[in-house]
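A short worksheet on the structure shown next.
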Amino acid sequence: MKSLVAEESRRALAAIVARLSPAERLEAFLAHSQLLIELRRAARPTERRPGHAR
Amino acid sequence: MRAEGPGQAVLLMLEVAGRLAAAQVDYAVIGAMAAAVHGAVRASLDVDAIVGMPAREAATLRDLLASPDWSLELRLGDDADPIPALLAVTDGHGNRVDLLIGLRGLDPAALSRARPVEFRGQTLRVVGLEDFIAMKAFAGAAQDLSDARQAIAAGRDSLDADLLRQLARRFGGATAQRVEELLAGSGPGNAPH
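Chains as they are written, first to last, in this note's numbering: chain A, 6 to 59; chain B, 264 to 456.
Here you go:
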């Protein structure tokens, strides 16, 4: 079931990408890469500041 | 067009490409950035390009790209390494462009087959579809084969299968076999349906 959902998702994305120009695909690549950075930052555990650790 | 933060290696590539073009150094974007152009958009924190110059001139390339804004690291491969030399260009935001100076098995005409792509007012040269698929088949990891599969699906109408087979054979028998499986639609690593 999980692989079927992943496959459907991949096909839907491919259909969208097929309608984009090469420049639009590069813009999507750039946006996706920046999103990856944001997600990594968000996933980073909050650092404890000295004196605030309990 | 300069990178202004992390996650913008594609903008660093634009800057590097401008420097290469000004110095008349032939290049082609490969890897995830080329995958996007060929229909497989996925995030990547670095981008790759192949440069048309002998590995023995790698130091010349490093000198050519010297900039106070970038750190440059030149790595030389040994005889068994498919990549004879690699120059890593990193900016202050951690964006990285890897310039491959040669790739064993790559058709020397690949750079002349690269397609121009207009992006943010600049022309980038991106490796052609058949060369891209052959390189991905040669790399052979699951992500590479997924990229190749998507590129075949997106470019099926324009794909020159004979050229692809010819290019794949240059990388060896295993690559040629993978390409046959990809063309048949039963590529290695396909998820079961």
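Cβ atoms here follow ideal geometry from the backbone N, Cα and C, with glycine treated the same way.
Here the structure is a predicted model, which means the values were calculated and not measured.
In whole angstroms, what separates the C-alpha of residue i from that of residue j?
i	j	result
Asp342/B	Arg24/A	43 Å
Ala272/B	Asn358/B	5 Å
Leu308/B	Ser14/A	23 Å
His356/B	Ala266/B	8 Å
Ala33/A	Ala20/A	14 Å
Ala321/B	Asp332/B	20 Å
Phe382/B	Ala295/B	16 Å
Val292/B	Leu446/B	23 Å
Gln39/A	Pro345/B	30 Å
Leu28/A	Ala36/A	The displayed chain sequence assigns Ala, not Leu, to residue 28/A. Approximately 12 Å between the Cα atoms of the pair.
Residue i: buried (16+ other C-beta within 10 angstroms of its C-beta) or exposed?
i	result
Gly448/B	exposed
Arg441/B	buried
Pro269/B	buried
Val300/B	buried
Glu393/B	buried
Arg419/B	exposed
Contact defined as beta carbons within less than 8 Å: I believe residue i pairs with residue j. What is the distance between those atoms, to the nearest angstrom?
i	j	result
Val390/B	Ala297/B	5 Å
Val314/B	Val288/B	6 Å
Leu275/B	Val360/B	5 Å
Arg45/A	Val304/B	19 Å between Cβ atoms; not a contact.
Taking C-alpha atoms, which residue in the options lies nearest to residue i?
i	options	result
Leu387/B	Arg305/B, Arg338/B, Ala306/B, Asp311/B	Asp311/B
Leu337/B	Ala318/B, Pro345/B, Gly355/B	Ala318/B
Ala416/B	Leu40/A, Val22/A, Leu35/A	Val22/A
Glu12/A	Ala321/B, Pro345/B, Glu393/B, Ser409/B	Ser409/B
Ala400/B	Ala285/B, Gly384/B, Arg433/B	Arg433/B
Leu362/B	Gly340/B, Leu422/B, Tyr290/B, Ala285/B	Tyr290/B
Thr323/B	Ala286/B, Ile346/B, Gly294/B, Gly302/B	Ala286/B
Met398/B	Gly340/B, Leu327/B, Gly368/B	Gly368/B
Gly435/B	Gln413/B, Asp370/B, Ala424/B	Asp370/B
Between which two residues does the alpha helix (DSSP H) containing residue i stretch?
i	result
Gln413/B	405-418
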